[in-house]
Amino acid sequence: MSALRQVLLVAWRDFFQRVRSKAFLVSMLIIVALVAGVGPLMTLEGKTPQPYTIGVVGAVPNDLELALDTAASAFDRKAKIVTFDSVDAGDVALTDGHADVVLVNGTELVWKEAPRPQLEAIVTSAVQGLERQRTVAELGLSDEEAARLLHPTPLQTRSLTEPDPSAGPRRIAGYVGSILLYISILMFGQFVMLGVMEEKQSRVVEVVLSRTRPSRLLAGKVLGIGTLGFLQLVVLGGAALLTLSATHAVNVDLGGIGLRIAGAVLFWYLLGYTLFAVVYAALGATISRQEDAQGVGMIPMLGILPGFILSIVALDDPNGMLPHLGSIIPPFSPFVMPIRMTVTSVPLWEVALSIALILAATYWVLRLGARVYEGSILRIGAKTRLRDALKADSEA
Numbered sequence: 020m021s022a023l024r025q026v027l028l029v030a031w032r033d034f035f036q037r038v039r040s041k042a043f044l045v046s047m048l049i050i051v052a053l054v055a056g057v058g059p060l061m062t063l064e065g066k067t068p069q070p071y072t073i074g075v076v077g078a079v080p081n082d083l084e085l086a087l088d089t090a091a092s093a094f095d096r097k098a099k100i101v102t103f104d105s106v107d108a109g110d111v112a113l114t115d116g117h118a119d120v121v122l123v124n125g126t127e128l129v130w131k132e133a134p135r136p137q138l139e140a141i142v143t144s145a146v147q148g149l150e151r152q153r154t155v156a157e158l159g160l161s162d163e164e165a166a167r168l169l170h171p172t173p174l175q176t177r178s179l180t181e182p183d184p185s186a187g188p189r190r191i192a193g194y195v196g197s198i199l200l201y202i203s204i205l206m207f208g209q210f211v212m213l214g215v216m217e218e219k220q221s222r223v224v225e226v227v228l229s230r231t232r233p234s235r236l237l238a239g240k241v242l243g244i245g246t247l248g249f250l251q252l253v254v255l256g257g258a259a260l261l262t263l264s265a266t267h268a269v270n271v272d273l274g275g276i277g278l279r280i281a282g283a284v285l286f287w288y289l290l291g292y293t294l295f296a297v298v299y300a301a302l303g304a305t306i307s308r309q310e311d312a313q314g315v316g317m318i319p320m321l322g323i324l325p326g327f328i329l330s331i332v333a334l335d336d337p338n339g340m341l342p343h344l345g346s347i348i349p350p351f352s353p354f355v356m357p358i359r360m361t362v363t364s365v366p367l368w369e370v371a372l373s374i375a376l377i378l379a380a381t382y383w384v385l386r387l388g389a390r391v392y393e394g395s396i397l398r399i400g401a402k403t404r405l406r407d408a409l410k411a412d413s414e415a
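Read in order, the letters of the sequence shown are residues 20 to 415 in the numbering used here.
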């Protein structure tokens with residue numbers, strides 16, 4: 020049997036072994052449900068908020084409610100007034116939550132706790148606007164003079180670059196992509212490690228290795244579980260984009276930026292998963308007990324977690340020094356570069372350099388990981404030290 024056929028058979032077995040497991044199917048459904056719930060939640064947050072309720076004690080200035088509503092419209096809010104006979108009645112309304120603020124005699128604002136800056140600005144603007152109108156009337160100014168006083172000529176604005184209407188959707192898609200990358204690489208990398216450990220623990224690997232070489236078994240396992248991770252990423256990414264588009268939570272163009280971002284995330288998943296999966300497989304070969312898995316599983320996290328954190332930083336500061344370096348240097352680049360490519364324009368040479376470096380790192384990890392795997396996969400019992408595994412492979 021050819022080497023390629025052996026690798027594909029191992030990949031086929033691992034793929035269907037995982038995809039048929041109840042644990043995977045349940046976790047997949049839960050994650051899809053969570054992703055699909057993002058759009059409706061964002062839609063709920065974007066609904067028109069309740070109008071501010073402003074209590075008034077004392078004389079109510081003419082046109083106060085109109086002035087409040089006009090001032091509130093600048094913040095996309097509404098305002099309504101409720102009159103009270105006394106300050107005590109206003110205090111009770113504040114305490115019971117029937118008023119957001121109480122205006123006393125047009126000169127004092129009473130709050131239940133700390134002032135709310137937006138509401139304070141609305142009431143202050145409305146009251147001061149009415150006061151200016153009274154002053155204009157008392158001075159006997161003409162309509163033209165009053166208009167110049169109350170509505171001065173606004174400043175003209177000019178931007179050196181036109182605002183990008185797709186910046187917001189791209190940032191949200193980048194955030195979703197960053198989380199999916201982190202979850203997928205971490206989850207399926209651990210699947211590889213646990214799969215190797217379980218086969219070693221049950222002695223199944225001894226039977227398999229009687230028919231194929233360790234390097235082919237390693238390649239097949241990484242390929243099979245990686246294919247499953249790729250399909251899950253496609254499903255989750257598609258669910259996220261379709262949900263956001265269907266609910267109009269954001270203006271995502273599925274034929275444009277959505278698919279470009281999805282393509283970048285999938286491409287960098289393949290690079291990142293391959294790099295970390297080999298590390299997980301090599302580490303899984305050094306253990307044969309479940310209690311050792313958590314300890315060795317922390318080693319790849321030294322590259323995965325900082326990469327994820329840098330990708331979140333890159334959403335707000337894509338050209339900062341740390342995101343810039345992280346997008347080029349492996350093992351962080353699979354997490355950071357696709358996010359930088361999503362939110363800003365990255366020079367082609369940086370992308371090419373990043374790909375070249377991670378391919379070189381993957382080649383080195385493949386060679387070293389294969390040696391560790393071959394040198395420790397048949398050792399049962401206590402955890403195998405990396406030095407002993409490499410030495411055993413050299414002597415084989």
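Even for Gly, the Cβ is constructed at its ideal location relative to N, Cα and C. Quantities reported herein were computed from a predicted structural model and do not represent experimental measurements.
Whole-angstrom distance between glycine 388 and isoleucine 306, CA atom to CA atom
Going from the Cα of isoleucine 306 to the Cα of glycine 388 covers about 14 Å.
Please confirm whether leucine 199 and leucine 252 have their CB atoms less than 7 Å apart.
In contact: leucine 199 and leucine 252 (Cβ atoms closer than 7 Å).
Assigned exposure category for isoleucine 347 - 16 Cβ within 10 Å defines buried
Under this definition isoleucine 347 is a buried residue.
For the 8 Å Cβ check, are there 3 or more pairs between the stretch 239-251 and the stretch 321-335?
The stretch 239-251 makes no contact with the stretch 321-335; the number of CB pairs closer than 8 Å stays below 3.
Proximity of tyrosine 423 and phenylalanine 327 at Cβ, strictly below 7 Å
Since the displayed the chain opens at 20 and closes at 415, residue 423 lies outside it and no answer follows.
Any idea which residues DSSP pairs tyrosine 71 with across the strands?
For tyrosine 71, the beta-bridge partners assigned by DSSP are Ala98.
Please determine, among Gln220, Gly282, Tyr71, the residue with the shortest C-alpha to C-alpha distance to leucine 397.
Looking from the CA of leucine 397, the closest CA among Gln220, Gly282, Tyr71 belongs to Gln220.
Looking at the structure shown, is glutamate 132 part of a helix, part of a strand, or coil, going by DSSP?
Coil.
Would DSSP call leucine 122 helix, strand or coil?
Here leucine 122 sits in strand by DSSP.
Pairwise C-alpha distance: valine 101 and glycine 116
Looking at the two C-alpha atoms, the distance is approximately 13 Å.
Consider the Cβ of valine 332: report whether some Cβ of chain D lies at a distance smaller than 7 Å.
Absent from the structure is chain D; it holds one protein chain and no more.
Between which two residues does the alpha helix (DSSP H) holding proline 188 run?
For proline 188, the enclosing alpha helix (DSSP H) covers residues 186-220.
Can you grab the Cα-Cα spacing for the pair alanine 300 / glycine 339, in whole Å?
Rounded to whole angstroms, alanine 300 to glycine 339 spans 34 Å at the Cα level.
C-alpha gap between alanine 371 and leucine 53, whole angstroms:
Note on geometry: alpha-carbon atoms of alanine 371 and leucine 53 lie some 35 Å from one another.
Three-state secondary structure (DSSP) of valine 355
Three-state result, valine 355: helix.
For valine 142, tell me which candidate among Asp110, Glu164, Leu83, Arg153 has the shortest Cα-Cα distance.
Considering only alpha carbons, the answer is Leu83.
Close beta carbons around alanine 380, own chain, < 6 Å, minus the five adjacent residues each side
Spatial neighbours of alanine 380 in its own chain (CB-CB distance under 6 Å, excluding positions within 5 residues in sequence) are listed in chain order as Pro349.
Taking the alpha carbon of leucine 205 as the point to measure from, which residue in Thr154, Ser105, Leu321 has its own alpha carbon closest?
Closest option to leucine 205, Cα to Cα, is Leu321.
Identify which residue in Leu289, Gly159, Thr126 has its Cα closest to the Cα of leucine 378.
Selection Leu289, Gly159, Thr126 evaluated against leucine 378 yields Leu289 as nearest (Cα-Cα).
How far does the alpha helix (DSSP H) with glycine 345 in it extend, from its first residue to its last?
According to the DSSP assignment, glycine 345 belongs to the alpha helix (DSSP H) that extends over 340-345.
Quick check on glutamate 218: buried or exposed, where buried means 16 or more other Cβ atoms within 10 Å of its Cβ?
Buried is the call here.
Glycine 274 to glycine 257, Cα distance in whole Å?
In this prediction, glycine 274 has a pLDDT of 49, which is less than 50 and means its spatial position is unreliable; what the coordinates show is noted afterwards. Looking at the two C-alpha atoms, the distance is approximately 12 Å.
Can you have a look at leucine 23 and say buried or exposed, based on whether 16 or more other CB atoms are within 10 angstroms of its CB?
Looking at its Cβ environment, which holds fewer than 16 other Cβ atoms inside 10 Å, leucine 23 is exposed.
I'd like the list of long-range same chain contacts for methionine 47, defined as Cβ closer than 7 Å, with 5 residues on each side in sequence excluded.
Within the same chain, methionine 47 has close Cβ partners Gln251.
Buried versus exposed, by CB contacts within 10 Å (16 or more), isoleucine 318
Around the CB of isoleucine 318, fewer than 16 other CB atoms lie within 10 Å, so the residue is classed as exposed.
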